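Here is the structure we will look at.
Protein chains: 2
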Amino acid sequence: MVAVPSLFSLRHLLVLSLALNVSLILRALYNESGEGNRWWFCFKKKKMADAESWLAISSTSSLRNSTREKVINLDHGDPTMYERFWRQMGDKTTITIPGWQSMSYLSDVSKICWFLEPEFATEVVRLHRVVGNAVTEGRHIVVGTGSSQLILAALYALSSPHAAEPISVVSAAPYYSSYPSMADYQKSGLYQWAGDAESFDKEGPYIELVTSPNNPDGYRRKSMVNRSQGLLIHDLAYYWPQYTPISSPSDHDLTLFTASKTTGHAGMRIGWALVKDKEVAKKMTKFIELNTIGVSKDSQLRAAKVLKAVSESCEQENHQNQNGESFFKYSYNLMAQRWKQLREVVDAGDMFTLPQFSPAFCTFFGKETEPQPAFMWLKCEGDVEDCETFLRGHKILTRSGRQFGASPKYVRISMLDTDETFIQLLERLSAIQELE
Amino acid sequence: MVAVPSLFSLRHLLVLSLALNVSLILRALYNESGEGNRWWFCFKKKKMADAESWLAISSTSSLRNSTREKVINLDHGDPTMYERFWRQMGDKTTITIPGWQSMSYLSDVSKICWFLEPEFATEVVRLHRVVGNAVTEGRHIVVGTGSSQLILAALYALSSPHAAEPISVVSAAPYYSSYPSMADYQKSGLYQWAGDAESFDKEGPYIELVTSPNNPDGYRRKSMVNRSQGLLIHDLAYYWPQYTPISSPSDHDLTLFTASKTTGHAGMRIGWALVKDKEVAKKMTKFIELNTIGVSKDSQLRAAKVLKAVSESCEQENHQNQNGESFFKYSYNLMAQRWKQLREVVDAGDMFTLPQFSPAFCTFFGKETEPQPAFMWLKCEGDVEDCETFLRGHKILTRSGRQFGASPKYVRISMLDTDETFIQLLERLSAIQELE
Numbered sequence: 001m002v003a004v005p006s007l008f009s010l011r012h013l014l015v016l017s018l019a020l021n022v023s024l025i026l027r028a029l030y031n032e033s034g035e036g037n038r039w040w041f042c043f044k045k046k047k048m049a050d051a052e053s054w055l056a057i058s059s060t061s062s063l064r065n066s067t068r069e070k071v072i073n074l075d076h077g078d079p080t081m082y083e084r085f086w087r088q089m090g091d092k093t094t095i096t097i098p099g100w101q102s103m104s105y106l107s108d109v110s111k112i113c114w115f116l117e118p119e120f121a122t123e124v125v126r127l128h129r130v131v132g133n134a135v136t137e138g139r140h141i142v143v144g145t146g147s148s149q150l151i152l153a154a155l156y157a158l159s160s161p162h163a164a165e166p167i168s169v170v171s172a173a174p175y176y177s178s179y180p181s182m183a184d185y186q187k188s189g190l191y192q193w194a195g196d197a198e199s200f201d202k203e204g205p206y207i208e209l210v211t212s213p214n215n216p217d218g219y220r221r222k223s224m225v226n227r228s229q230g231l232l233i234h235d236l237a238y239y240w241p242q243y244t245p246i247s248s249p250s251d252h253d254l255t256l257f258t259a260s261k262t263t264g265h266a267g268m269r270i271g272w273a274l275v276k277d278k279e280v281a282k283k284m285t286k287f288i289e290l291n292t293i294g295v296s297k298d299s300q301l302r303a304a305k306v307l308k309a310v311s312e313s314c315e316q317e318n319h320q321n322q323n324g325e326s327f328f329k330y331s332y333n334l335m336a337q338r339w340k341q342l343r344e345v346v347d348a349g350d351m352f353t354l355p356q357f358s359p360a361f362c363t364f365f366g367k368e369t370e371p372q373p374a375f376m377w378l379k380c381e382g383d384v385e386d387c388e389t390f391l392r393g394h395k396i397l398t399r400s401g402r403q404f405g406a407s408p409k410y411v412r413i414s415m416l417d418t419d420e421t422f423i424q425l426l427e428r429l430s431a432i433q434e435l436e
Numbered sequence: 001m002v003a004v005p006s007l008f009s010l011r012h013l014l015v016l017s018l019a020l021n022v023s024l025i026l027r028a029l030y031n032e033s034g035e036g037n038r039w040w041f042c043f044k045k046k047k048m049a050d051a052e053s054w055l056a057i058s059s060t061s062s063l064r065n066s067t068r069e070k071v072i073n074l075d076h077g078d079p080t081m082y083e084r085f086w087r088q089m090g091d092k093t094t095i096t097i098p099g100w101q102s103m104s105y106l107s108d109v110s111k112i113c114w115f116l117e118p119e120f121a122t123e124v125v126r127l128h129r130v131v132g133n134a135v136t137e138g139r140h141i142v143v144g145t146g147s148s149q150l151i152l153a154a155l156y157a158l159s160s161p162h163a164a165e166p167i168s169v170v171s172a173a174p175y176y177s178s179y180p181s182m183a184d185y186q187k188s189g190l191y192q193w194a195g196d197a198e199s200f201d202k203e204g205p206y207i208e209l210v211t212s213p214n215n216p217d218g219y220r221r222k223s224m225v226n227r228s229q230g231l232l233i234h235d236l237a238y239y240w241p242q243y244t245p246i247s248s249p250s251d252h253d254l255t256l257f258t259a260s261k262t263t264g265h266a267g268m269r270i271g272w273a274l275v276k277d278k279e280v281a282k283k284m285t286k287f288i289e290l291n292t293i294g295v296s297k298d299s300q301l302r303a304a305k306v307l308k309a310v311s312e313s314c315e316q317e318n319h320q321n322q323n324g325e326s327f328f329k330y331s332y333n334l335m336a337q338r339w340k341q342l343r344e345v346v347d348a349g350d351m352f353t354l355p356q357f358s359p360a361f362c363t364f365f366g367k368e369t370e371p372q373p374a375f376m377w378l379k380c381e382g383d384v385e386d387c388e389t390f391l392r393g394h395k396i397l398t399r400s401g402r403q404f405g406a407s408p409k410y411v412r413i414s415m416l417d418t419d420e421t422f423i424q425l426l427e428r429l430s431a432i433q434e435l436e
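Going line by line, the protein sequences match chains A and B.
If you count by UniProt numbering, then the first sequence holds residues 1 to 436, one letter each, in order.
If you count by UniProt numbering, then the second sequence holds residues 1 to 436, one letter each, in order.
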């Protein structure tokens with residue numbers, strides 16, 4: 001049992017009310033100090049006292065029907081957690097674009113991906129070299145409007161317009177919930193969703209989406225279909241040091257990354273593909289040309305600046321410059337703290353369980369680290385068959401395991417939201433365990 | 001005959017060399033004065049003298065084999081012509097985005113289009129009010145990564161996943177050359193390109209793309225399929241005062257616009273749809289969610305600033321503020337000048353012809369204006385059957401009429417490139433008429 005005091009059984013509803021009040025006080029404390037890393041200690045020390053002082057004011061509300069308790073939405077993986085780091089960086093990543101700049105459709109017509117801004121390409125290569133998570137030599141870079149567009153571009157590039165039937169697209173369950181609809185929403189005659197890679201037994205060519213670390217469950221992955229003729233798309237959105245130990249530079253035919261998960265800049269809508277085969281890179285570029293005639297230059301320039309700042313923060317740290325910690329050290333520590341707190345809350349009761357991970361050596365940090373995924377893959381134990389509905393009843397919006405091709409006893413919950421929302425989540429999970 | 005002096009028949013090749021040299025001198029003159037509007041007068045006065053002085057230096061080159069003559073690419077409609085205006089505006093449309101801003105995927109979750117930045121929506125409504133070219137009341141705004149993405153979103157939204165066969169997509173020839181491949185590249189089971197709207201006679205529902213003013217030929221257009229059951233997408237990318245008289249606010253079910261052609265900011269990749277039906281707006285939003293999970297916030301914010309500056313430039317002009325002319329007056333004058341020069345060159349020989357337009361009252365300028373399209377739809381007269389190949393031989397890259405569902409005797413040539421390229425184009429067209 002962590003942080004939430006034992007109360008008499010008749011006062012369960014009041015506990016929920018307390019949780020709300022504590023949250024408000026903590027928010028005020030948190031805002032004053034401006035140091036989110038300390039809130040958990042405040043939480044532990046102050047919770048009881050604060051809760052009691054609020055008791056008289058709000059003694060009749062309950063979690064389920066309180067009009068004051070807002071719904072927290074952790075269905076998306078909105079990476080707002082990173083905002084504080086970028087605020088602390090001040091003007092370093094501020095971008096200024098004059099009205100006359102970047103007006104043309106074209107960026108560098110000598111490149112296969114003619115809408116790729118050279119500055120952005122340079123910083124992608126540099127960041128992978130600094131982090132050591134991907135081989136960029138002998139690769140063509142294709143920029144996309146987020147990695148979503150690149151997944152579609154890759155499906156287009158790897159399929160054949162002359163095939164007798166659409167090529168099967170598979171991924172091992174639990175798979176990223178958007179894969180089925182992304183593959184099928186256009187009713188394309190080129191490719192078609194064919195479900196769980198582990199049970200896939202159709203003859204002939206196929207495309208397998210390999211997500212590693214996996215969304216939703218955080219495990220490292222390899223191709224699951226045990227035969228040849230497979231075309232692989234490696235979605236490595238989470239293969240960064242804050243989420244998982246970097247074991248070696250990834251070295252695949254077609255690898256996808258996205259700024260949204262690397263640095264938290266989801267609103268930029270910038271992703272990139274590292275592509276070995278020239279013809280595949282050409283077809284992916286053609287897809288993006290037909291789809292959106294290129295990718296926002298403003299966002300590419302901004303992404304270049306942000307990635308550059310990340311690389312520099314790592315290089316400075318390596319040179320023992322004391323100007324601050326690297327972006328990855330900062331975000332690794334924040335994730336480590338959140339996962340620790342989450343496990344404390346979950347382990348304090350019998351309602352929920354979480355995946356267990358083994359530590360491994362991380363070449364970036366030069367030490368053993370533990371996986372700490374961007375999502376928790378939470379299982380409701382016991383009688384709760386539909387965990388998503390259950391948590392929705394407690395005003396926590398999550399994504400059901402069903403959407404990932406898994407049991408509805410599971411839900412996926414974002415670990416990347418603001419401190420405020422994450423605190424509320426922990427409080428509610430705690431309170432639920434108290435209540436049930 | 002304009003600007004190009006009559007020369008003896010034996011000196012035809014030399015004329016071409018002269019043209020090149022004159023171009024270099026003019027470029028120097030042009031750069032010095034910084035006032036492109038004056039170059040034509042300089043051109044007329046100086047061409048002969050300058051040309052003769054260069055004769056001795058470069059007397060053996062010809063247009064076809066000169067290694068010094070670069071290819072000019074006017075296949076795209078890259079709107080770089082507008083750059084000078086935005087340079088003249090100085091810092092007024094400079095945008096500064098701090099590293100911590102716009103990190104979330106979400107913009108305004110209370111709106112159907114949850115990734116639409118409120119500032120951008122406000123400026124879209126304001127600009128249409130100022131210009132008077134579209135009704136925005138009772139419309140949902142859906143932002144897209146350029147209008148290309150919105151065309152695809154509209155096809156998706158207007159088709160039914162339960163239909164027995166793909167819905168036919170038509171447009172009257174000559175139609176925008178990308179429509180067929182945009183409709184067919186995914187081999188979608190939802191919609192399918194069905195060619196020229198004028199010859200379309202299949203029973204049942206269909207989607208008609210109505211482009212007005214039309215790309216490539218610049219004529220105003222209405223729906224061409226003469227029956228009901230048609231779902232219309234109005235692509236009004238060029239319905240702005242610099243290109244065509246504004247007769248009244250457009251008032252359709254689904255209308256598309258794009259920053260690329262409005263202000264010249266193609267690199268931003270920002271378009272918008274005005275959508276009457278709520279369910280259609282929802283489906284378009286869903287398409288963009290699955291396609292790219294929203295639209296670059298950086299570019300939306302930049303577009304908001306640029307559109308705002310355009311509206312303000314119009315409002316200031318109306319109030320007789322002498323701080324400068326409006327964006328539309330500036331670009332209208334530039335287009336008027338280019339079209340005048342082009343017609344002079346074309347009318348000076350028998351090789352080429354251009355479409356003829358009737359003037360009409362423009363409510364924005366409060367006077368009669370002439371259409372002056374963003375593309376010239378040039379016809380090679382006489383024996384030249386393939387105008388695109390013919391001009392390519394003269395190092396002018398254009399887009400063949402064949403790609404627009406029309407005769408190869410036609411080509412589409414961008415009128416929106418830089419002054420430098422436009423000068424070269426006129427010189428080459430002049431020289432060709434001399435030579436043939």
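Glycine is no exception: its CB is placed at the ideal position from the N, C-alpha and C atoms.
Since this is a predicted model, take the numbers as computed values, not measurements.
Cβ neighbour criterion (16 or more within 10 Å) applied to residue i
i        : result
B:Asn291 : buried
A:Phe361 : exposed
A:Gly366 : exposed
A:His128 : buried
A:Glu123 : buried
Coarse secondary structure for residue i, derived from DSSP in three states
i        : result
B:Met81  : helix
B:Val295 : coil
B:Leu106 : coil
A:Arg399 : strand
A:Leu232 : strand
A:Gly393 : coil
B:Ser188 : strand
B:Tyr332 : helix
Heavy atom of the ligand NAD within 7 Å of residue i beta-carbon
i        : result
A:Leu425 : The model on display carries no ligand, and the ligand NAD is accordingly not part of it.
Proximity winner among the options, relative to residue i (alpha-carbon distances)
i        : options                         : result
A:Ala431 : A:Gln403, A:Arg402 and A:Ile396 : A:Ile396
B:Gln341 : B:Leu354, B:Lys329 and B:Tyr82  : B:Leu354
A:Tyr239 : A:Phe327, A:Arg227 and A:Phe257 : A:Phe257
B:Arg343 : B:Thr244, B:Asp383 and B:Glu427 : B:Glu427
B:Asp75  : B:Thr421, B:Glu436 and B:Ile151 : B:Thr421
C-beta neighbour in chain A for residue i, strict 8 Å
i        : result
B:Glu83  : yes
B:Ile141 : no
B:Ala266 : yes
B:Ser58  : Only weak support is given to the placement of B:Ser58: the predicted model assigns it a pLDDT of 32, under 50, and the value that follows is read from those uncertain coordinates. Output row for B:Ser58: interface = no.
B:Ser148 : yes
B:Gly204 : no
Residues of its chain near residue i, where Cβ-Cβ distance is below 6 Å and the 5 sequence neighbours each way are ignored
i        : result
A:Gly349 : Gln433
A:Leu155 : Tyr191
A:Trp193 : Val169, Pro180, Ala183 and Asp184
Chain B within 8 Å of residue i, Cβ atoms only
i        : result
A:Leu152 : yes
A:Glu35  : In this predicted model, A:Glu35 has a pLDDT of only 37, less than 50, meaning its place in the structure is not dependable enough to derive any value.
A:His76  : yes
A:Gln186 : yes
A:Met89  : yes
A:Lys92  : yes
A:Arg302 : yes
Close beta carbons around residue i, own chain, < 8 Å, minus the five adjacent residues each side
i        : result
B:Ala134 : His128, Leu236, Tyr239, Pro249, Ser250, Asp251, Thr255, Phe257 and Leu274
A:Tyr206 : Ile167, Ser168, Val169, Val170, Ala194, Phe200, Val225, Gln229, Gly230 and Leu231
Cutoff 7 Å; reference residue i; Cβ partners in own chain excluding five residues on either side
i        : result
A:Ser326 : Ser313, Cys314 and Glu317
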